[in-house]
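Counting in my numbering, the sequence shown runs from 2 upward without gaps.
Have a look at the structure below, then the notes.
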Amino acid sequence: MSRLSRYRFPFASYPAVRVMLLIMLGIAWDYYSNINLFFSAVFFTSILILWGITEFLLRRYKIVLSSRLSIILYLILIISASFVWIKVADHNRQVHIEKTKFLELYAWENVVIEGLIKEKGFTAGGKRVYTIDVISTVYESESSIAENYRIRLYDDKPGRDLQNGTELKAEIQLYAFPEIRNPHDFDYGGWLHDQNIVAHGELVQLNGNSYEQKRIGWIKIREYVQNNIDKLFSADLAPMAKALFLGYKAEISDDTKQHFSRSGLSHIMAVSGLHVGFIVAPFWFIIPFLWTRKWGKWLGLLLLTFLLLGYAGLTGFSASVSRASLMAWLITYGKLFSKVRNSINLTAGAAIILLIIDPHQLFDVGFQLSFSAVFTILLLMPEAQRLIPIRYRFGKTGALATLVLISVVVQGGLFPVLTYYFGEFSIAGPVANAFVIPLMTVAVPVGLFFSVLPQIFYPFTTYAVFPVEWSLGWVEGVAEYIGSSDLSYFSFTNDSGLLFLLWLILILLLASSRIPEMKWKLLICVLFVLNLFMLEQTFKKSGDPVLRITFLDVGQGDAIHIQTPSQKHILVDAGRWSPGYDSGSRVINPYLKHVGIDEIDAVILSHPHADHIGGIVTIIENFKVQKIYQSSYAYDSQLYQNFLGKTDELDLPIKNIYAGDQIELEENIRIYVLGPMMRSSNPSNPNNSSVAVKVVYGDQSILLTGDAESQQESKMVNIYGDFLKSNLYKMGHHGSRTSSTETLLEIVEPEISVASLAFRNRFRHPNRDAVSRVSKFTQENYFTSLQGAVVFESDGKSIIKVDWK
């Protein structure tokens with residue numbers, strides 16, 4: 002018999018890994034199935050009874066059969082137990098949500114709450130945000146409900162800065178609970194529920210006196226350390242110190258976060274395994290000393306527990322630090338007591354404990370990144386280190402090479418996770434980490450040590466912290482220099498589960514490079530999955546050619562993405578702009594990356610108002626744009642001038658288009674320009690100089706009129722008449738009274754209408770009369786304010802709405 006057929010993987014050496022995989026399988030089963038709690042509990046009970054019969058009764062008569070059946074049933078038992086466990090967790094969460102469902106009835110109304118501030122932070126736009134544990138809610142009728150729940154409140158009033166631990170009575174405005182508004186959107190509502198937050202709103206005013214609790218707790222200690230950091234470090238670097246020491250990123254700008262992400266350094270602001278390693282590393286040096294003392298091991302374990310618990314408390318018991326602390330505790334315990342030397346098994350044990358505490362963590366990107374990184378290091382680094390010549394392996398050169406290798410291994414191992422969630426992959430990570438990590442190994446523990454010292458040490462610490470401050474400036478500079486380059490990263494869309502499986506088998510293949518019997522089996526698996534992946538991609542591309550049109554929800558503005566049957570992309574308008582916000586960076590850019598677009602064949606800007614060109618600068622900075630078509634209206638706004646300046650800087654072609662023009666992108670699609678009319682002078686209202694287009698595919702057509710009002714609509718009717726007839730019509734000017742006139746609608750006779758607008762807007766759109774006029778002709782009416790993004794597909798014979806949620 003050959004060695005290949007004799008080899009068996011040593012499953013017995015990894016019991017925790019087996020259990021972890023079975024638990025994950027059970028949790029995933031819940032995610033992809035619709036079985037309710039009752040039937041899952043019945044199934045689990047049945048398996049438990051069968052296992053008991055097989056293990057304790059059948060064994061008396063059929064030992065071999067009993068052993069085989071009991072093993073199979075035991076595996077199914079673990080899977081079904083984890084399945085029931087997450088069902089119970091889902092049920093308990095849903096019960097709590099249902100108890101607070103009454104809050105939805107008061108959306109956009111003011112109520113009075115009493116509660117305690119548990120956490121304070123800042124939104125991306127700079128608003129203060131508080132997480133409050135509410136104990137009582139009072140409504141306008143003075144009726145009170147003493148239901149406990151957690152709420153997230155935003156506050157932008159100058160001079161009002163409440164502290165953690167403050168008890169308050171306040172009037173608030175409840176918001177509608179957030180839903181996913183666009184296909185790419187971060188599930189903010191789901192995130193709130195994961196934090197046990199069931200409502201959000203705006204802090205209107207404080208009622209009566211609020212006071213801080215005097216008792217000491219982790220909130221107070223964490224706030225004390227943050228205040229110390231503000232005093233020790235310069236105003237420019239204090240936010241960076243809080244981020245790198247404590248994981249507090251609320252004061253870090255979006256640009257800085259992006260630089261860290263694209264340079265491959267975002268993990269050092271996540272405060273996870275790396276930081277816990279920095280904190281625990283000095284402790285490992287005293288392990289040999291502890292081995293030689295009678296109570297040394299137990300004393301060491303106690304000190305380690307306090308150290309990890311203290312650091313986790315300072316970071317707010319974040320999930321990443323809690324995970325890393327548990328893994329560090331288990332590994333150090335095994336080292337101290339010489340119990341288990343298999344780090345892979347210990348890491349799996351940590352995952353099991355965390356999944357038992359909260360099975361929903363399996364779907365948390367932080368959980369996936371943390372354990373993927375650790376398992377990748379444990380599996381691949383023993384082989385990767387063999388690449389370093391022995392004469393260098395244990396010296397300074399070897400240490401630096403190991404650091405670079407770890408970064409390469411981790412970045413490579415996390416490729417499918419990073420591309421699936423973020424659509425970007427940093428290729429500069431190994432270089433950036435080589436410049437940064439050596440300094441961080443000293444700067445983090447030393448800086449944190451100075452930050453927790455009492456104020457009596459300030460005369461000393463203010464000078465001693467200078468090297469740490471220089472290190473922080475260096476780290477920020479490296480991130481900015483590397484992360485600001487387009488060469489530091491690339492975009493990649495991963496929407497296939499097979500890529501995860503392929504990557505896992507590749508990692509196992511590399512890890513087994515010295516086990517020929519296993520290596521060849523894994524190589525066969527790689528080829529098999531690779532063929533499945535290519536087959537999947539072929540099927541995706543070989544479907545019937547369709548025109549896909551997406552009306553993005555950008556609030557009170559327009560942004561429409563059209564994907565042609567030959568995979569060309571048109572963007573009609575670019576959303577809105579307001580101070581600190583633009584639809585390009587918040588909505589359109591992430592959406593386009595989500596669907597795997599890096600090049601836009603045509604951008605059509607209907608007119609230069611801020612609710613139609615708000616995100617255009619962001620778009621042309623981040624995507625390759627072939628050509629821009631716009632209205633000829635000369636508009637004197639800073640936003641529009643910035644756009645023109647940026648197009649000159651990037652040498653982008655712009656063409657003013659008029660009624661009678663045609664935009665040619667491919668043979669199957671015809672785009673007719675129906676407005677504005679060429680004239681010697683512009684109308685006083687830019688809306689009546691909107692670019693209006695009719696998109697025709699097969700027998701179906703779509704009419705987009707921008708913000709054209711009755712004046713321009715009338716001219717189009719007079720010139721084009723029945724040619725305006727279309728199947729899908731976007732209501733002009735967000736459903737305003739002055740657009741979608743009877744004259745136009747009688748000619749267009751649309752079957753479907755879409756209005757792009759915000760739910761609560763100062764213009765009170767949509768106008769009731771306009772909606773009534775449109776409804777006389779249409780069979781389907783959609784509003785982005787109600788449905789979020791609205792997506793349609795057409796095969797040239799019909800237009801159907803696509804349910805993307």
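Just so you know, even glycine gets a beta-carbon here, dropped at the ideal spot from N, CA and C.
| Asked | Found |
| --- | --- |
| Continuous beta strand (DSSP E) stretch holding Y131: start and end | 129–139 |
| Cα-Cα separation, Y32 to A465 | 52 Å |
| Three-state secondary structure assigned by DSSP to Y464 | helix |
| Range covered by the beta strand (DSSP E) that runs through K656 | 655–657 |
| With 16 other Cβ atoms within 10 Å as the buried cut-off, status of F793 | buried |
| Ordered list of alpha helix (DSSP H) runs contained in the region 218–302, each at least 4 residues | 219–233, 239–247, 255–263, 268–271, 274–285, 288–292 |
| Beta carbon of G190 nearer than 9 Å to that of Y155 | no |
| Cα-Cα separation between V443 and T101, rounded to whole angstroms | 48 Å |
| Check whether V476 and L503 have beta carbons under 9 Å apart | no |
| Continuous beta strand (DSSP E) assignments of at least 3 residues falling wholly in the region 603–642 | 603–606, 629–631 |
| Cβ-Cβ separation, T138 to I118 (assumed contact under 8 Å), whole Å | With a Cβ gap of about 16 Å, I118 and T138 do not count as contacting. |
| CA-to-CA distance, D157 to I269, given in whole angstroms | 30 Å |
| Whole-Å CB distance - S737 paired with N686, under 8 Å assumed | Not really, about 12 Å apart at Cβ, beyond 8 Å. |
| beta-carbon L347 near the ligand FAD non-hydrogen atom, thresh 8 Å | This structure simply doesn't include the ligand FAD, nor any ligand for that matter. |
| Sub-9 Å separation of L572 and I516 beta-carbons | no |
| From L729, M21, K695, residue whose alpha carbon lies closest to that of A807 | Given that the chain is displayed from residue 2 to residue 806, the structure contains no residue 807 and the question cannot be resolved. |
| Those residues which DSSP pairs with I118 across a bridge | I133 |
| Helix, strand or coil at V735 according to DSSP, with G and I counted as helix | Note on identity: in this sequence residue 735 is His, with Val being the wrong assignment. In this structure, H735 counts as helix in the three-state DSSP scheme. |
| Residue burial classification, Y393 (beta-carbon count within 10 angstroms, cutoff 16) | exposed |
| Residues bridged to W578 (per DSSP) | D583 |
| Separation of T565 from A611, as counted between CA atoms | 27 Å |
| Meets three-Cβ-pair contact criterion under 8 Å: the region 275–284 and the region 476–489 | no |
| Residue burial classification, T463 (beta-carbon count within 10 angstroms, cutoff 16) | exposed |
| Three-state secondary structure (DSSP) of F436 | helix |
| Supposed contact pair I748 and K726 - C-beta distance, whole angstroms, cut 8 Å | 7 Å |
| Own chain partners of I198 with C-beta closer than 6 Å, once the 5 adjacent residues on each side are dropped | R151, R153 |
| Reduced DSSP secondary structure (H/G/I, E/B, other) of G646 | helix |
| Own chain residues within Cβ distance below 6 Å of S326, not counting five before or after | V277, L309, A313 |
| Helix, strand or coil at G676 according to DSSP, with G and I counted as helix | strand |
| Extent of the continuous alpha helix (DSSP H) run through H194 | 189–195 |
| Nonlocal neighbours in the same chain, by C-beta distance under 8 Å from H97, ignoring five residues either side | Y150, N197, V199 |
| Burial state of H92, where buried means 16 or more other Cβ atoms lie within 10 Å | exposed |
| Coarse secondary structure for Y393, derived from DSSP in three states | helix |
| Continuous beta strand (DSSP E) stretch holding V809: start and end | As displayed, the chain neither begins before 2 nor continues past 806, which places residue 809 out of reach and without an answer. |
| C-alpha gap between L315 and L305, whole angstroms | 15 Å |
| Helix, strand or coil at I598 [DSSP, three-state] | coil |
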